[in-house]
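2 protein chains.
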Amino acid sequence: MDRRQLKTRKAIFKAFRNLLEKKRYDRITVQEIIDEADVGRSTFYSHFETKDLLLNAMCEDMFYHIFENDPCPYVGKDHDLEGELSHTLWHIRDSKTDLSGILLSDSGELFMQYFKEHLYTMFEHHIESFKTDVPKDFLLNHLVGSFAEMVKWWLKENMKTSPEATAKYFIELTKIN
Amino acid sequence: MDRRQLKTRKAIFKAFRNLLEKKRYDRITVQEIIDEADVGRSTFYSHFETKDLLLNAMCEDMFYHIFENDPCPYVGKDHDLEGELSHTLWHIRDSKTDLSGILLSDSGELFMQYFKEHLYTMFEHHIESFKTDVPKDFLLNHLVGSFAEMVKWWLKENMKTSPEATAKYFIELTKIN
DNA sequence: AATAAAATCAAACAAAGTGTTCGGTAACGA
DNA sequence: TCGTTACCGAACACTTTGTTTGATTTTATT
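Right, dumping it as structure tokens:
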């Protein structure tokens, strides 16, 4: 990939992130992004057709590393749920881009939706092992929703508790078998 | 209040609701609302300064009846949590305006935020009676988040289960003491 | 029924944002 | 070095916004 492309792409992402911490997504104009990123108007549109696609690209960028299936450097094995949750929290904490700034911003719910989509596929792999009477889709919704809320709370509290303890917390509070 | 005012206000609300079921909040223009409601441009702005304030007014209108502290016609006493949750679900089901259309729309998260605000104050009254080690604010987040997700799921499934059974479901799945 | 008050309307407006196109300039990779 | 590619800035037609104007109903009251 051309260095120039990467440079503009990063500049736009950074500008977008800066703006998102200051104001709501739907109040941010392309004009402002252009000014903040200091790129030409036509350049922006050659990279991203719309503001929505920019958001989309940025979310993929942000959440890719968090949910990638890599050998976990912190937790030995992540085949059990609790281990995988810790793993995920580790990645969130170590994420290079400031996730808390964005997830806790006025447009946080927007990113939460992307976040939840990833969580769905993650929890889906464990859903079979749970013994409960509630329907599967409800249970999934419940797990994803409460875990996402927990992450938000965790970030808001500056991640005082360790990923392991936090994951254990979550398991503890939810009757999943 | 003047009949004309009420008529315009209702027309705008209805137009807004119709549009919200078709497209996202931030893609809806004031122009479209005006056209759909068939009111003059200046009339709209004499009622609502901005689109955000219109949303705000409509949410208050929608959630007022759901969370008002009335003598419950369905559940005898609503001093216990489960009874209050049933009560809330009853109101949601009987709500005149189609809540599910809006809460499940593309802009559902927007309304969920308002919804959650009400839930917070509701759960706060019960929080003292819970015996658990997790911090109070985390527990609140957890309850509000998972209950809100449950309502969304419930609406999506066309409210097949009864309010009472659904509330019991929720209590059942959450370790709150 | 008459009247004063108030809400509505259409039209017009400047200002700001959108998305596209253009040719010129500069940076890249080979 | 040289062809390719990405960037820039300027201009464009177009839409949306929020405000103002003055004429036209509709309302509540007497």
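Residue numbers (the numbering used here), protein chains in the order written: chain A, 847 to 1023; chain B, 847 to 1023. Every residue gets a Cβ at the ideal spot worked out from N, C-alpha and C, and that includes glycine. Owing to the predicted nature of the structure, the values given are computational and were not obtained by experimental measurement.
Verify the CB distance criterion: does residue i have a CB-CB separation below 8 angstroms to chain A?
{"i": "B/Asp924", "result": "Reliability fails at B/Asp924, whose pLDDT of 45 lies under 50, so the model's placement of it is uncertain and the value that follows must be treated cautiously. Chain A, which has no Cβ nearer than 8 angstroms to the Cβ of B/Asp924, makes this no."}
{"i": "B/Thr1020", "result": "yes"}
{"i": "B/Asp872", "result": "yes"}
{"i": "B/Trp999", "result": "yes"}
{"i": "B/Gly991", "result": "yes"}
{"i": "B/Met996", "result": "yes"}
{"i": "B/Glu963", "result": "no"}
{"i": "B/Gln959", "result": "yes"}
{"i": "B/Asn987", "result": "yes"}
{"i": "B/Val921", "result": "Since pLDDT at B/Val921 reaches only 49, below the 50 mark, its modelled position is unreliable, and the value read off the structure follows with that caveat. False, the Cβ-Cβ gap to chain A never drops below 8 angstroms."}
{"i": "B/Leu865", "result": "no"}
In the DSSP output, what is residue i paired with across the bridge?
{"i": "B/Thr854", "result": "In DSSP, B/Thr854 forms no bridge with anything."}
Using 8 angstroms as the limit for Cβ to Cβ distance, is residue i near chain B?
{"i": "A/Gln1087", "result": "Since the displayed chain A opens at 847 and closes at 1023, residue 1087 of chain A lies outside it and no answer follows."}
{"i": "A/Val980", "result": "yes"}
{"i": "A/Tyr891", "result": "no"}
{"i": "A/Asp884", "result": "no"}
{"i": "A/Phe984", "result": "yes"}
{"i": "A/Tyr910", "result": "no"}
{"i": "A/Glu974", "result": "no"}
{"i": "A/Tyr1015", "result": "yes"}
{"i": "A/Glu955", "result": "yes"}
First and last residue of the alpha helix (DSSP H) that includes residue i?
{"i": "A/Asn1004", "result": "No alpha helix (DSSP H) holds A/Asn1004; DSSP gives it neither H nor E."}
{"i": "B/Thr934", "result": "Leu927 to Asp940"}
{"i": "B/Ile946", "result": "According to the sequence provided, residue 946 of chain B is Ser. The question's Ile does not apply to it. Where B/Ser946 is concerned, the enclosing alpha helix (DSSP H) stretches over Leu945 to Leu949."}
{"i": "B/Lys1014", "result": "Pro1009 to Leu1019"}
{"i": "A/Glu906", "result": "Lys897 to Phe913"}
When the Cα of residue i is compared with those of the options, which residue comes out closest?
{"i": "B/Lys853", "options": "B/His972, B/Asp898, B/Leu865 and B/Thr889", "result": "B/Thr889"}
{"i": "A/Phe909", "options": "A/Glu1010, A/Leu866 and A/Ile938", "result": "A/Ile938"}
{"i": "B/Ser932", "options": "B/Val997, B/Asn987, B/Phe862 and B/Glu963", "result": "B/Val997"}
{"i": "A/Lys942", "options": "A/Phe1016, A/Ile912, A/Glu928 and A/Asn864", "result": "A/Ile912"}
{"i": "A/Leu945", "options": "A/Ala857, A/Lys982 and A/Arg863", "result": "A/Arg863"}
{"i": "A/Leu901", "options": "A/Arg855, A/Leu935, A/Asp940 and A/Gly886", "result": "A/Arg855"}
{"i": "A/Gly954", "options": "A/Ala994, A/Ile879 and A/Asp884", "result": "A/Ala994"}
{"i": "A/Lys1006", "options": "B/Lys1002, B/Phe984 and B/Glu1018", "result": "B/Phe984"}
{"i": "A/Phe961", "options": "A/Ala1013, A/Ile948 and A/Phe894", "result": "A/Ile948"}
{"i": "A/Lys977", "options": "A/Ser951, A/Met968 and A/Thr1020", "result": "A/Thr1020"}
{"i": "B/Lys869", "options": "B/Glu906, B/Leu927 and B/Asp952", "result": "B/Asp952"}
{"i": "A/Tyr871", "options": "A/Thr896, A/Arg887 and A/Asp884", "result": "A/Thr896"}
{"i": "A/Met968", "options": "A/Asp940, A/Gln851 and A/Leu935", "result": "A/Leu935"}
{"i": "A/Tyr966", "options": "A/Thr1012, A/Leu989 and A/Val980", "result": "A/Leu989"}
{"i": "B/Ala1013", "options": "B/Phe957, B/Asp884 and B/Asp926", "result": "B/Asp926"}
{"i": "A/His971", "options": "A/Leu986, A/Asp979 and A/Pro981", "result": "A/Leu986"}
{"i": "B/Ser992", "options": "B/Ala903, B/Glu1003 and B/Met958", "result": "B/Met958"}
{"i": "A/Leu956", "options": "A/Cys905, A/Glu1003 and A/His893", "result": "A/Cys905"}
{"i": "A/Lys950", "options": "A/Lys1002, A/Asp848, A/Val885 and A/Phe859", "result": "The residue you asked about is not Lys; residue 950 of chain A is Leu in the sequence shown. Among A/Lys1002, A/Asp848, A/Val885 and A/Phe859, the Cα nearest to that of A/Leu950 is on A/Lys1002."}
{"i": "A/Asn1004", "options": "A/Asp940, A/Arg873 and A/Leu866", "result": "A/Asp940"}
{"i": "B/Asp979", "options": "A/Ala1011, A/Gly886 and A/Asp979", "result": "A/Ala1011"}
{"i": "A/Asp848", "options": "A/Lys860, A/Val876, A/His893 and A/Ala861", "result": "A/His893"}
{"i": "A/Asp884", "options": "A/Phe859, A/His964 and A/Glu1018", "result": "A/Phe859"}
{"i": "B/Tyr891", "options": "B/Ile973, B/Val876 and B/Asp881", "result": "B/Val876"}
{"i": "B/Asp898", "options": "A/Asp881, A/Arg873, A/Leu899 and A/Ile880", "result": "A/Arg873"}
request  = Quick one: which unbroken alpha helix (DSSP H) runs of 4-plus residues sit fully inside the stretch 955-980 of chain A? Chain order, please.
outcome  = If we require 4 residues or more, the stretch 955-980 of chain A turns out to have no alpha helix (DSSP H) run fully inside it.
query = Residue ranges of each alpha helix (DSSP H) run of no fewer than 4 residues wholly in the stretch 870-895 of chain A, ordered along the chain?
reply = Listed in chain order, the complete alpha helix (DSSP H) runs (minimum 4 residues) inside the stretch 870-895 of chain A are 876-883 and 887-893.
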